[in-house]
Ligand code: PMP
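In this note's numbering, the protein residues as written are 702 to 989.
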């Protein structure tokens, strides 16, 4: 059985249980992170933990564990569950208390984590993904990685019903981001993605891809674009910790370019994979 982690202990999945009075359950009053496991090792988990600290701070959620503890827990979950390629999920909620919207006076956060396998190096969507356009109906602090995600649940369900693999969210025609990814376009070899603000999540993969692309000598512009511009772009792709870089080849009925993954997208995906390989191989070597 899968080994999970809850409030300081590793427990089998069926013993990893929380109260019905947990504010994560009652209000979505919690934050989370997802980091990839590659070659059995965490990828960029340190960066995810910096973002976790920020999310906690923005919600005045006392951090129950340091990044050092989380790193150990996350790696141990990958190891115990024999994950070669996959992900580690962690969540912190404000904890258990009598239901009251405002913060209870003294309350201990609930923290848990689990891991699961996922194909990353040979992602079946690497040959191209369809996205479904939906209005972005979320709140004003999308920069906080909160577990309150009903808008994305509805967006991604609508995408599934439309036969698409991801939602493409927009505000008045201007793309914000994917249901659980950042979105990019490519024109004349130049990459473009929306600047970070309170309107989107500052994706860790987005940051890394900015670095990787610039190392390849590519120009990256942080500027918003419309759904129409995405449809007319030479290439379109999305990024997230557990999909890396995936080509978007259709936007609803509209075929992007010739419907095949674009050359720049493929170059960036290959460079991202090479970096992941390099970082995790170095870690495997170090612990051997
Ligand atoms: N935007 C949203 C709304 C997301 O949920 C995610 C996935 N966590 C991302 C972007 C991508 O972020 P990351 O690269 O850190 O996974």
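We treat Cβ as the ideally placed atom computed from N, Cα and C, and that holds for glycine.
For clarity, every value in this text was computed on a predicted model and none was experimentally measured.
Residue j beta carbon less than 8 Å from that of residue i
{"i": "residue 907", "j": "residue 945", "result": "no"}
{"i": "residue 948", "j": "residue 964", "result": "no"}
{"i": "residue 928", "j": "residue 869", "result": "yes"}
{"i": "residue 831", "j": "residue 866", "result": "yes"}
{"i": "residue 811", "j": "residue 874", "result": "no"}
{"i": "residue 819", "j": "residue 943", "result": "yes"}
{"i": "residue 953", "j": "residue 834", "result": "yes"}
{"i": "residue 777", "j": "residue 753", "result": "no"}
Residue i classed as buried or exposed, judged by whether at least 16 other C-beta atoms fall within 10 angstroms
{"i": "residue 989", "result": "Residue confidence for residue 989 is low, a pLDDT of 46 falling below 50, so the modelled location carries little weight and cannot support an answer."}
{"i": "residue 806", "result": "exposed"}
{"i": "residue 904", "result": "buried"}
{"i": "residue 757", "result": "buried"}
{"i": "residue 887", "result": "buried"}
{"i": "residue 722", "result": "exposed"}
{"i": "residue 900", "result": "buried"}
{"i": "residue 822", "result": "exposed"}
{"i": "residue 770", "result": "exposed"}
Range covered by the beta strand (DSSP E) that runs through residue i
{"i": "residue 884", "result": "883-888"}
{"i": "residue 706", "result": "704-707"}
{"i": "residue 941", "result": "936-941"}
{"i": "residue 687", "result": "Residue 687 lies beyond the stretch modelled for the chain, which goes from 702 to 989, so this question has no answer here."}
{"i": "residue 816", "result": "811-818"}
{"i": "residue 710", "result": "710-713"}
Whole-angstrom C-beta distance between residue j and residue i, which should lie under 8 Å
{"i": "residue 919", "j": "residue 890", "result": "7 Å"}
{"i": "residue 844", "j": "residue 902", "result": "6 Å"}
{"i": "residue 768", "j": "residue 750", "result": "4 Å"}
{"i": "residue 960", "j": "residue 951", "result": "7 Å"}
{"i": "residue 939", "j": "residue 882", "result": "4 Å"}
Segment limits, alpha helix (DSSP H) that includes residue i
{"i": "residue 725", "result": "724-728"}
{"i": "residue 906", "result": "905-916"}
{"i": "residue 753", "result": "746-759"}
{"i": "residue 931", "result": "928-933"}
Pairs of beta-carbons, one from the segment 795-802 and one from the segment 733-748, closer than 8 Å: are there three or more?
no
Okay, do the segment 724-742 and the segment 853-873 touch, 3+ Cβ pairs below 8 Å being the bar?
no
Contact between the segment 706-713 and the segment 808-815: three or more CB pairs below 8 Å?
yes
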